[in-house]
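Student:
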Amino acid sequence: MIYLVVLSALYALHLLLKLHWITTVVIGGFLLLRISGHRKWYKKKIVYERKFEEVSEYLDMLLYAFVKEEKVERALVNVDAAMVDGPMRGVLQKAIDHMHMTFDETDVMRDSLQMIEREYACSRIKNVHDFIVHVEIYGGAIERPVELLLADKKRWEQRICGSMKERRKMFVDIVMSIAASLLICGMILYLPVMEIDISKNLISQVLTIVVVILDDLIFTRAQKYLAIDWLALDGHTDEADAKKIEEYYRYDERKEKRLSVVLAVVTAAGAAAAYYFGHQLMTAAALLLVALMANQHRVGRAVAQKTLVRSIKCAFPGWLMDIVLLLQSENVQVALQKSQEHVPPVLRRDLDILVGQLEMEPESVLPYHRFLKSFQIPEVHSAMSMLFSVSMGNSGRVDRQIGELIDRNLEMLDVAEKGRLKNLSSGMYLLFLAPVLTASLKLLVDMAVFMMTFLSGAGLG
């Protein structure tokens with residue numbers, strides 16, 4: 004079927020762009036060779052979307068089953084009985100078999116769950132597994148944390164589905180942009196201008212091949228935006244953030260100011276030289292560069308802070324979710340200590356400091372207020388103040404305070420993740436504009452060929 008579609012499209016291009024048969028054969032051969040690549044990306048898209056759907060279904064069933072059974076093994080067996088046949092059910096059955104057939108000293112329950120985590124790398128699966136294992140071993144509340152996890156999962160599902168829908172729409176727009184650009188390229192060849200036909204010109208034919216190849220590359224790139232691992236987008240962490248925040252705290256303002264002065268002096272010397280030799284445009288550009296160099300330390304600091312704030316806003320809600328789950332069975336200080344195992348890199352330094360200070364001042368509010376103080380993020384400071392109130396048990400409204408903390412956390416996470424997903428999709432807008440550039444190139448060359456043909460025919464060339 005796909006070969007028939009390609010051949011039909013090829014014949015349409017042959018008529019629209021007045022292709023020579025040799026050019027048609029070259030383009031046809033290229034498109035036929037590209038079919039396997041396009042099919043590969045389409046299959047990846049289907050696989051990744053199916054994995055996302057399987058994980059979404061698995062999380063729902065596992066949490067409800069655990070509320071009912073309160074045992075990990077029985078919950079997994081219930082999920083297996085309810086799940087439809089598919090790749091994830093096969094992995095789940097292997098995990099259950101491992102749990103039933105292993106009798107050594109290893110942590111069988113944890114190992115079995117890790118079999119699922121390896122096949123479906125998703126932080127939400129790991130969070131749910133950690134929660135059910137923790138509750139089975141140490142006890143604690145179940146229903147309230149499950150409600151929290153289900154609410155978080157619902158928002159996550161809505162975000163991913165929204166991003167999928169947006170990317171599909173933009174993909175259709177890109178395809179329409181490619182089709183429209185080729186149509187415009189063909190229309191100019193049919194304009195009745197002095198009976199001049201430039202379609203047989205070698206340059207025009209070769210450029211048509213180039214345009215088709217470029218449009219195919221644009222199409223392939225757009226396919227890649229659809230064929231992404233949606234589970235890998237979940238709980239994004241970057242180890243480079245740990246290095247960035249260390250550099251941010253090690254910032255030496257006096258040293259950076261001296262560097263700014265040196266750079267400004269060097270640039271000013273260049274501006275003076277340009278003025279001396281009468282290059283006014285270069286002088287103006289150099290003066291702008293002087294202003295930039297004189298303030299490079301401030302600009303660099305502001306850019307670094309903005310980047311880190313964005314990373315913190317993405318990482319903080321996920322970490323706070325871990326804290327809230329741990330609070331169902333632990334006090335605040337112990338919950339903070341245990342959260343160090345899975346803390347996002349961008350928060351690691353400040354969390355280590357917070358835990359260390361709480362060991363020396365367990366009843367002081369100052370360690371909470373110092374947490375990420377340099378970045379002045381209201382949501383973070385509000386959450387930390389509420390954690391202090393919970394730790395002190397001042398008001399007898401601990402459950403309500405934790406509920407408010409959860410609601411704020413989910414809102415903050417939703418805003419941060421929607422912004423991150425939108426940024427990850429922003430490249431598709433550039434792909435939407437790209438066919439305009441390829442069509443413009445073709446039109447410019449065709450107009451140049453037309454003028455050369457006209458002048459040559461008029462005896463002026």
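30 is the number that our numbering gives to position 27 of the sequence shown; each next residue is one higher, with no gaps.
Cβ atoms here follow ideal geometry from the backbone N, Cα and C, with glycine treated the same way.
Compute the Euclidean distance between the alpha carbons of Lys-156 and Leu-20, then round it to the nearest angstrom.
Tutor: Rounded to whole angstroms, the separation of the alpha carbons of Leu-20 and Lys-156 is 51 Å.
Student: Give the secondary structure of Met-86 by DSSP, where H, G and I count as helix, E and B as strand, and everything else as coil.
Tutor: coil
Student: Taking Gly-2 as the reference, which of Val-452, Leu-66, Leu-13 and Lys-46 has the closest Cα?
Tutor: Outside the shown range of the chain, which is 4 to 464, sits residue 2, and nothing can be said about it.
Student: Does the distance from the C-beta atom of Ala-182 to that of Met-431 stay below 8 Å?
Tutor: no
Student: For Leu-349 versus Ala-245, is the C-beta spacing smaller than 8 Å?
Tutor: In the sequence on display, residue 349 carries Val and not Leu. Cβ distance < 8 Å, so Val-349 and Ala-245 count as in contact.
Student: Exposed or buried, which one is Ile-163 when buried takes at least 16 other CB atoms within 10 Å?
Tutor: buried
Student: Is the beta carbon of Ala-289 closer than 8 Å to that of Ala-124?
Tutor: no
Student: For Asp-353, report the span of its alpha helix (DSSP H) as first-last.
Tutor: 348-363
Student: I need the boundaries of the alpha helix (DSSP H) containing Trp-233, first residue and last residue.
Tutor: Element bounds for Trp-233: n/a, residue is neither H nor E.
Student: What does the alpha-carbon distance come out to for the pair Asn-204 and His-41?
Tutor: 31 Å
Student: On the criterion of 16 or more Cβ atoms from any shown chain inside 10 Å, does Met-395 qualify as buried, or is it exposed?
Tutor: exposed
Student: Near Leu-3, which residues of its chain fall below 7 Å by C-beta distance, leaving aside the five closest residues on each side in sequence?
Tutor: The question about residue 3 has no answer, for the chain in this structure spans 4 to 464.
Student: Please identify the residue among Val-264, Leu-262 and Leu-292 whose C-alpha is closest to the C-alpha of Gly-273.
Tutor: Sorting Val-264, Leu-262 and Leu-292 by C-alpha distance to the C-alpha of Gly-273 places Leu-292 at the top.
Student: Using a Cβ-Cβ cut-off of 7 Å (strictly less than) and excluding sequence neighbours within five positions of Glu-1, which residues of its own chain qualify?
Tutor: Residue 1 cannot be examined here, being either before or after the span of the chain that is shown, 4 to 464.
Student: If you compare alpha carbons, which of Glu-420, Ala-442 and Asp-255 is closest to Gln-161?
Tutor: Glu-420
Student: Out of Thr-211, Leu-361 and Tyr-141, which one is the CA nearest neighbour of Cys-188?
Tutor: Thr-211
Student: Let me confirm a value: Asp-133 is counted as buried when at least 16 other C-beta atoms fall within 10 Å, else exposed. Which label applies?
Tutor: buried
Student: With distances taken between CB atoms, is the gap from Tyr-371 to Ser-388 smaller than 8 Å?
Tutor: yes
Student: So, is Ser-180 buried or exposed, given that buried needs 16 or more other C-beta atoms within 10 angstroms?
Tutor: buried
Student: Taking buried to mean at least 16 other C-beta atoms within 10 Å of its own C-beta, is Ala-437 buried or exposed?
Tutor: buried
Student: At the level of alpha carbons, what is the spacing between Lys-129 and Ile-216?
Tutor: 43 Å
Student: Taking 8 Å as the threshold (C-beta atoms), are Ile-177 and Ile-221 in contact?
Tutor: yes
Student: Rounding to the nearest angstrom, what Cα-Cα distance links Thr-1 and Gln-283 in this structure?
Tutor: In the structure as shown, the chain starts at 4 and stops at 464, and residue 1 therefore has no counterpart that could be examined.
Student: What is the C-beta distance between Arg-37 and Asp-219, in whole angstroms, given that I count them as a contact (C-beta under 8 Å)?
Tutor: 6 Å
Student: Tell me the DSSP secondary structure of Asp-63 in three-state form.
Tutor: Helix.
Student: What first and last residue would you give for the alpha helix (DSSP H) that runs through Arg-113?
Tutor: Looking at the DSSP string, the run of the alpha helix (DSSP H) that includes Arg-113 is 111-122.
Student: Does the structure place the segment 305-319 close enough to the segment 373-384 that three or more beta carbon pairs sit under 8 Å?
Tutor: yes
Student: So which of Val-131, Val-264, Tyr-279 and Gln-343 has the shortest CA-CA distance to Leu-152?
Tutor: Val-131
Student: If contacts are defined as beta-carbon pairs under 8 Å, then Met-26 and Gln-208 qualify, I think. What distance do you get, rounded to the angstrom?
Tutor: In the sequence on display, residue 26 carries Thr and not Met. Yes, Thr-26 and Gln-208 are in contact; Cβ-Cβ is about 5 Å, under 8 Å.
Student: If you draw a straight line from the C-alpha of Lys-445 to the C-alpha of Ile-231, how long is it?
Tutor: The straight-line gap from Cα to Cα measures roughly 32 Å.
Student: Please say whether Phe-453 and Ile-201 have beta carbons closer to each other than 8 Å?
Tutor: yes
Student: Just tell me which of Met-64, Ile-326 and Glu-73 has its CA closest to the CA of Gln-340.
Tutor: Ile-326
Student: So, using beta-carbon positions, are Met-34 and Val-50 closer together than 8 Å?
Tutor: As written in the sequence, residue 34 is Leu, which differs from the Met given in the question. No; because the gap between Cβ atoms is not below 8 Å, this pair is not in contact.
Student: Below 8 Å on the Cβ atoms is my contact criterion, and I expect Gln-331 with Ala-154 to pass it. Report the Cβ-Cβ distance as a whole number of Å.
Tutor: No, Gln-331 and Ala-154 are not in contact; Cβ-Cβ is about 15 Å, not under 8 Å.
Student: What do you get for Leu-424, buried or exposed, if any count of 16 or more other CB atoms within 10 angstroms of its CB means buried?
Tutor: buried
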